[in-house]
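Student: Add 128 to the 1-based position in the first sequence for my numbering, that's all there is to it. Each residue gets a CB set at the ideal place from its N, CA and C atoms; glycine is no exception. All figures in this text were calculated on a predicted structure; none of them were measured in a lab.
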Amino acid sequence: MGGNASGEESDNIDWDTEDELEIQNFPLSSCSTLTNPGGEAIVCAGEASLSASPSHSKLIHHFVGMGFPEKLVAKAIEENGEGNTESILETLLTYSALENSPPQQKPVIDSDHSSSDYYENFLDEISDSDSWSEDEENTESLSDKEKTLLSLAKMGYTVEEASIAMDRCGPDASIDEITDFLCAAQMAKAADYLLPDDEPKPKRKFFERELWKRKKQRRYEKRMMSEDSETIRLPKPMIGFGVPMESSQTFHRTLPEAAMGPPYFYYENVALAPKGVWDTIKRFLYDVEPEFVDSKYFCAAARKRGYVHNLPIDNRFPLLPLPPLTIHEALPLTRKWWPSWDTRTKLNCLQTCIGSAKLTDRIRKALEDWDGEPPLRVQKYVLDECRKWNLVWVGRNKLAPLEADEVEMLLGFPRNHTRGGGISRTDRYKSLGNSFQIDTVAYHLSVLKDLYPGGINLLSLFSGIGGAEVALHRLGIPLKTVVSVEISEVNRNIVRGWWEQTNQKGNLIDFTDVQQLDGDRIEQLIHSVGGFDLVIGGSPCNNLAGSNRHHRDGLEGKESALFYDYFRILDLVKCIMGRQQ
DNA sequence: TAAAGCATGAAGTCTTGT
DNA sequence: ACAAGACTTCATGCTTTA
Numbered sequence: 129m130g131g132n133a134s135g136e137e138s139d140n141i142d143w144d145t146e147d148e149l150e151i152q153n154f155p156l157s158s159c160s161t162l163t164n165p166g167g168e169a170i171v172c173a174g175e176a177s178l179s180a181s182p183s184h185s186k187l188i189h190h191f192v193g194m195g196f197p198e199k200l201v202a203k204a205i206e207e208n209g210e211g212n213t214e215s216i217l218e219t220l221l222t223y224s225a226l227e228n229s230p231p232q233q234k235p236v237i238d239s240d241h242s243s244s245d246y247y248e249n250f251l252d253e254i255s256d257s258d259s260w261s262e263d264e265e266n267t268e269s270l271s272d273k274e275k276t277l278l279s280l281a282k283m284g285y286t287v288e289e290a291s292i293a294m295d296r297c298g299p300d301a302s303i304d305e306i307t308d309f310l311c312a313a314q315m316a317k318a319a320d321y322l323l324p325d326d327e328p329k330p331k332r333k334f335f336e337r338e339l340w341k342r343k344k345q346r347r348y349e350k351r352m353m354s355e356d357s358e359t360i361r362l363p364k365p366m367i368g369f370g371v372p373m374e375s376s377q378t379f380h381r382t383l384p385e386a387a388m389g390p391p392y393f394y395y396e397n398v399a400l401a402p403k404g405v406w407d408t409i410k411r412f413l414y415d416v417e418p419e420f421v422d423s424k425y426f427c428a429a430a431r432k433r434g435y436v437h438n439l440p441i442d443n444r445f446p447l448l449p450l451p452p453l454t455i456h457e458a459l460p461l462t463r464k465w466w467p468s469w470d471t472r473t474k475l476n477c478l479q480t481c482i483g484s485a486k487l488t489d490r491i492r493k494a495l496e497d498w499d500g501e502p503p504l505r506v507q508k509y510v511l512d513e514c515r516k517w518n519l520v521w522v523g524r525n526k527l528a529p530l531e532a533d534e535v536e537m538l539l540g541f542p543r544n545h546t547r548g549g550g551i552s553r554t555d556r557y558k559s560l561g562n563s564f565q566i567d568t569v570a571y572h573l574s575v576l577k578d579l580y581p582g583g584i585n586l587l588s589l590f591s592g593i594g595g596a597e598v599a600l601h602r603l604g605i606p607l608k609t610v611v612s613v614e615i616s617e618v619n620r621n622i623v624r625g626w627w628e629q630t631n632q633k634g635n636l637i638d639f640t641d642v643q644q645l646d647g648d649r650i651e652q653l654i655h656s657v658g659g660f661d662l663v664i665g666g667s668p669c670n671n672l673a674g675s676n677r678h679h680r681d682g683l684e685g686k687e688s689a690l691f692y693d694y695f696r697i698l699d700l701v702k703c704i705m706g707r708q709q
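1) If you follow the beta strand (DSSP E) that Ser656 is in, where does it begin and where does it stop?
2) Could you name the residues of the same chain whose beta carbon sits closer than 8 Å to that of His437, not counting the 5 residues immediately before and after it, in chain order?
3) Can you tell me which of the three DSSP states Tyr694 falls into?
4) Can you tell me where the alpha helix (DSSP H) holding Ser612 begins and where it ends?
5) Check Ile637 in the structure and name its three-state DSSP category.
6) Report yes or no: do three or more beta-carbon pairs, one from the region 573 to 591 and one from the region 439 to 448, lie closer than 8 Å?
7) My output table needs one value for Asn621: the three-state DSSP class, helix, strand or coil.
8) Given that a residue counts as buried once 16 or more other Cβ atoms are within 10 Å of its Cβ, and exposed if not, what is Glu628?
9) According to DSSP, is Phe590 helix, strand or coil?
10) Rounded to whole angstroms, how far is the Cβ of Leu519 from the Cβ of Pro529, which I believe are closer than 8 Å?
11) Assess contact between the region 615 to 626 and the region 582 to 600, defined as three or more Cβ pairs (one per stretch) separated by less than 8 Å. Is contact present?
12) If I follow the unbroken alpha helix (DSSP H) through Asp555, where does it start and stop?
13) Mind checking which residues open and close the beta strand (DSSP E) that includes Asn397?
14) Let me check understanding here. Comparing Cα to Cα, which of Gly604, Arg680, Leu586 lies closest to Pro402?
15) By how many angstroms is the C-alpha of Asn670 removed from the C-alpha of Ser688?
16) The beta strand (DSSP E) with Val522 in it runs from where to where?
17) How many angstroms separate the CA atom of Thr219 from the CA atom of Leu504?
18) Spatial neighbours of Trp517 within its chain, please: CB distance less than 8 Å, with the 5 preceding and 5 following residues excluded, ordered by chain position.
19) If you measure between the beta carbons of Leu589 and Leu607, is that distance less than 8 Å?
20) Specify, as a first and last residue, the run of the alpha helix (DSSP H) that Lys486 falls within.
21) Given a threshold of 16 other Cβ atoms within 10 Å of its Cβ, counted over all protein chains shown, does Asp512 qualify as buried or as exposed?
22) Does the Cβ of Thr471 have 16 or more other Cβ atoms within 10 Å, making it buried, or fewer, making it exposed?
23) Short check: CB of Pro372 to CB of Pro446, under 8 Å?
24) Within 10 angstroms of the Cβ of Thr609, are there 16 or more other Cβ atoms? Answer buried if so, exposed if not.
25) Assign Phe420 to one of three DSSP states: helix, strand, or coil.
26) Distance check for Asp661 and Leu698, CA to CA, integer angstroms please.
27) Mark Glu501 as exposed unless 16 or more other C-beta atoms lie within 10 angstroms of its C-beta, in which case mark it buried.
28) At what residues does the beta strand (DSSP E) containing Lys203 begin and finish?
29) By alpha-carbon positions, which one of Met388, Glu614, Asp497, Lys526 ends up nearest to Ala485?
30) Where DSSP assigns a beta bridge to Ile367, which residues make up the other side?
31) Among Cys703, Tyr694, Glu684, which one has its Cα closest to the Cα of Asn212?
32) Whose C-beta lies closer than 7 Å to the C-beta of Gly674 among residues of the same chain, with five residues either side of it excluded?
33) For a test of the three-state rule: what should DSSP assign to Gln708, helix, strand or coil?
34) Among all the DSSP beta bridges, which residues are the ones paired with Lys464?
35) Under 8 Å, do Val421 and Thr640 count as touching if we go by C-beta distance?
36) Would you mind working out which of Lys558, Gly368, Ile360, Asn631 sits nearest Tyr425, comparing C-alpha positions?
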């Protein structure tokens with residue numbers, strides 16, 4: 129409660145002071161830092177290199193680890209105070225966006241950020257500021273494109289819309305041409321999601337049209353007010369760019385130039401993260417639109433996840449055989465005991481903990497009081513617990529949590545994948561609960577099969593129990609060299625065991641901590657391996673997941689902040705490989 | 001000592017009713 | 001349009017048990 133209010137306050141302070149900031153020159157991408165003497169802080173920031181007060185040093189280290197220059201981090205902390213990491217990050221992103229491609233500054237290697245990326249951040253900035261008149265004084269220093277964009281933004285178009293329209297209309301298009309395009313686009317878009325009644329007819333009278341416009345504007349403003357920026361919204365059927373067997377709608381997308389491979393990358397995390405998290409992830413991962421998919425379209429359990437990747441999306445194919453899509457098909461033995469009033473056909477998300485024996489016993493007792501169908505009140509109680517803990521019927525009035533091997537099956541892993549090797553039952557559930565759903569991920573990765581008939585070199589971060597490796601293997605994509613980073617020893621053992629059991633011909637290289645992968649190490653790996661074809665990983669969701677009562681702190685949380693290591697490493701790989709070409 | 005049991009809501013989105 | 005209710009969620013930290 130207090131946190132929310134203070135967050136908004138410091139945001140305001142943040143925006144208001146921006147005009148006065150003396151902005152330093154640096155790119156967000158660490159590319160140029162490779163050629164920049166000051167860049168080593170990004171790769172591996174030692175405490176000794178930090179000149180700030182000791183109380184700040186940890187915080188500074190945190191942001192320097194994300195790839196921001198130390199000097200600027202110190203400044204941003206000063207601006208926002210130590211307490212609010214959110215607004216510090218916002219400020220840093222703002223600086224970086226403003227500084228990313230200044231017209232007068234010739235970028236060295238930094239072709240990483242597409243123009244639209246830059247303009248979007250740039251205009252986010254300006255449109256969030258109240259002082260239009262002051263900004264206008266500076267328009268002379270802007271390029272023609274920037275001026276046009278500014279004008280369009282002032283007309284109320286979003287920067288994204290304006291950028292797209294400018295791209296479509298070409299460099300020589302007049303403002304009028306662009307607004308025409310935007311108007312047409314808005315109509316088409318409106319027709320898509322508004323009720324047919326709302327669709328403006330060509331013959332509609334002037335005032336009606338004005339009314340409609342005003343209504344639309346109000347809606348727009350409301351959206352902006354409530355979401356304070358264009359927050360990413362989850363798609364209605366959560367099918368991303370399509371799932372097998374679903375309506376054969378074809379999707380197209382154009383990737384920002386900075387996002388294109390090599391290497392390909394694939395990032396995963398929970399879809400239902402706190403507000404703003406996916407916006408940040410998107411901004412870091414080269415402005416690629418996340419693909420949100422619920423694995424209930426691939427197996428009998430729900431698993432709502434967001435995936436940011438630069439893979440082609442045409443000609444995907446699923447793993448065969450297709451896994452069972454309902455509880456009854458997946459767990460046929462439960463059918464016999466399944467009461468008609470339990471209408472579930474899908475399981476909820478498979479998590480890291482399971483219901484206790486005591487709980488199922490309480491339920492059994494509650495049910496035994498009734499012969500036949502229990503009253504609605506009891507049904508509701510039982511069903512609530514069933515859904516919360518993913519319980520299934522294993523006898524008369526008898527419910528049970530899923531067995532670990534059933535979870536393995538539902539997630540697409542080979543049976544006994546996590547069994548043995550000294551792992552406890554509790555840890556088995558935990559490792560599985562944190563893993564990919566293989567069929568889902570494999571569907572996305574399937575496009576690599578034709579691209580790399582000879583196999584791929586894989587950089588797998590936060591490997592866990594090897595979901596990425598298993599998916600690629602099941603697709604029949606040979607694994608040449610796999611560099612796997614995983615903090616948990618039991619998980620590393622599981623992957624190692626699987627690697628040997630499946631007679632992999634390639635080479636599996638282990639690392640414990642993503643922090644070990646500094647620029648030198650990555651450069652050395654790339655040199656010896658010959659470059660990575662895919663950088664894959666799902667960073668920890670601990671501080672994003674809804675189940676976390678204690679520390680759902682968002683992307684800046686202790687574990688979830690490791691996302692920035694994924695970005696750091698991916699960006700290093702991109703830069704080093706780009707340099708070698 | 002290691003593993004299992006157990007209490008601990010908020011923050012969203014989606015649905016329904018008025 | 002709006003409010004109220006239903007529903008879902010890659011978990012943590014402490015306590016108890018084997």
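Tutor: Result, derived from the coordinates:
1) Careful: Ser656 lies outside any beta strand (DSSP E), inside the alpha helix (DSSP H) at 647 to 657.
2) Tyr392, Phe393, Tyr394, Tyr395, Val416, Glu419, His572
3) helix
4) Here Ser612 belongs to no alpha helix (DSSP H); instead the beta strand (DSSP E) covers 607 to 613.
5) strand
6) yes
7) helix
8) In summary, Glu628 is exposed, with fewer than 16 beta-carbon neighbours lying within 10 Å of its beta-carbon over all protein chains present.
9) coil
10) Confirmed, about 6 Å.
11) yes
12) Where Asp555 is concerned, the enclosing alpha helix (DSSP H) starts and stops at 553 to 561.
13) 392 to 398
14) Arg680
15) 6 Å
16) That run of the beta strand (DSSP E) goes 520 to 523.
17) 53 Å
18) Taken in chain order, the residues that qualify are Ile482, Gly483, Leu487, Pro529.
19) no
20) 485 to 496
21) exposed
22) exposed
23) yes
24) buried
25) strand
26) 11 Å
27) By the neighbour-count rule (16 or more Cβ atoms within 10 Å), Glu501 is not buried but exposed.
28) No beta strand (DSSP E) contains Lys203, which is instead part of the alpha helix (DSSP H) from 198 to 208.
29) Lys526
30) Val421
31) Nearest of Cys703, Tyr694, Glu684 to Asn212, Cα basis: Glu684.
32) Leu400
33) Residue state, collapsed to three classes: helix.
34) The partner list for Lys464 (beta bridge, DSSP) is empty, contrary to what the question assumes.
35) no
36) That would be Gly368, whose Cα lies nearest to the Cα of Tyr425.
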